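Engineer:
Numbering (full-length UniProt numbering), first residue to last: 1 to 235.
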């Protein structure tokens, strides 16, 4: 109950404070020629219930596109969209999802149903809590789109990136607390202001070394140019 109260207070306050910025971005998206200002994406929420997350539209529509992951070289991303995605400002409308009770400020990232279908029974444990706008795995993989710059982005995501993120999300779910949420929120704001790398060591101290080992190895493989389906850029 306390977490929900804090979520509502934080989301409400941020919506009020950021309302001029939200209006400015909405106007810019409209002027860019996008067919709509908002993108509504189908995701899996708490206890497996379907939700529609809100984001500012950053990509041109392409009905022939058949994957839900986005790479940094995705041709659908607009010039304005690239800026919004890099700064994470496209995520601001999800504050509305928090007010609706569909999301939390901190939690595992809401995943597409087509990828949740690949979860093991253990990995499905992350669905026990509300998904979050930010989280430990999201901080470590905040440059995920660069990791997926290859010919088999979806396959690499399912086999390498998603399991690594889920290890961290599972560790978070099993030991989450309001104090840990506060630390993650503070680090989120700091990384937005100073986009420095979030070290695996920081996560090891708070979530345990086992939970981040696969995430660390996945990042190292990409950084060292060892692809899992093509050429991938370093983060």
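All C-beta atoms in this analysis are idealised placements derived from N, C-alpha and C, irrespective of residue type, glycine included.
Quantities reported herein were computed from a predicted structural model and do not represent experimental measurements.
1. Express the C-alpha separation of residue 28 and residue 182 in angstroms, rounding to a whole number.
2. Bridge partners for residue 43 per DSSP, in chain order?
3. Is it buried or exposed, residue 236, if we count other Cβ atoms within 10 angstroms and call 16 or more buried?
4. Thinking C-beta only, is residue 109 closer than 8 Å to residue 128?
5. Under the assumption that residue 104 contacts residue 7 (Cβ atoms under 8 Å), give the Cβ distance between them as a whole number of angstroms.
6. So, does the stretch 156-165 touch the stretch 112-120, judging by three or more C-beta pairs under 8 Å?
7. Can you tell me whether residue 273 is buried or exposed? The criterion is at least 16 other CB atoms within 10 Å of its CB, across all chains shown.
8. If you draw a straight line from the alpha carbon of residue 210 to that of residue 144, how long is it in whole angstroms?
9. Contact between the stretch 10-21 and the stretch 74-86: three or more CB pairs below 8 Å?
10. So if DSSP puts residue 77 in a beta bridge, which residue, or which two residues, is it bridged to?
Structural biologist: According to the structure data:
1. In the chain shown, residue 182 corresponds to position 182, counting from 1. In the chain shown, residue 28 corresponds to position 28, counting from 1. The straight-line gap from Cα to Cα measures roughly 32 Å.
2. Locating residue 43 in the chain shown gives position 43, counting from the first residue. DSSP lists 51 as partners of residue 43.
3. Here the chain has residues from 1 to 235 only, and residue 236 is not among them.
4. Here residue 128 is taken as the residue at index 128 of the chain shown, counted from 1. Here residue 109 is taken as the residue at index 109 of the chain shown, counted from 1. No, Cβ-Cβ distance for residue 128 and residue 109 is not below 8 Å.
5. By 1-based counting over the chain shown, the position of residue 104 is 104. By 1-based counting over the chain shown, the position of residue 7 is 7. The pair is a contact, with the Cβ atoms about 5 Å apart (cut-off 8 Å).
6. yes
7. Any question about residue 273 goes unanswered here, given that the chain covers just 1 to 235.
8. The residue given as residue 210 occupies position 210 in the chain shown. The residue given as residue 144 occupies position 144 in the chain shown. Its pLDDT being 49, under 50, residue 210 is placed unreliably in this model, and the value from its coordinates should be taken loosely. Rounded to whole angstroms, residue 210 to residue 144 spans 21 Å at the Cα level.
9. no
10. Here residue 77 is taken as the residue at index 77 of the chain shown, counted from 1. In DSSP, residue 77 forms a bridge with 59.
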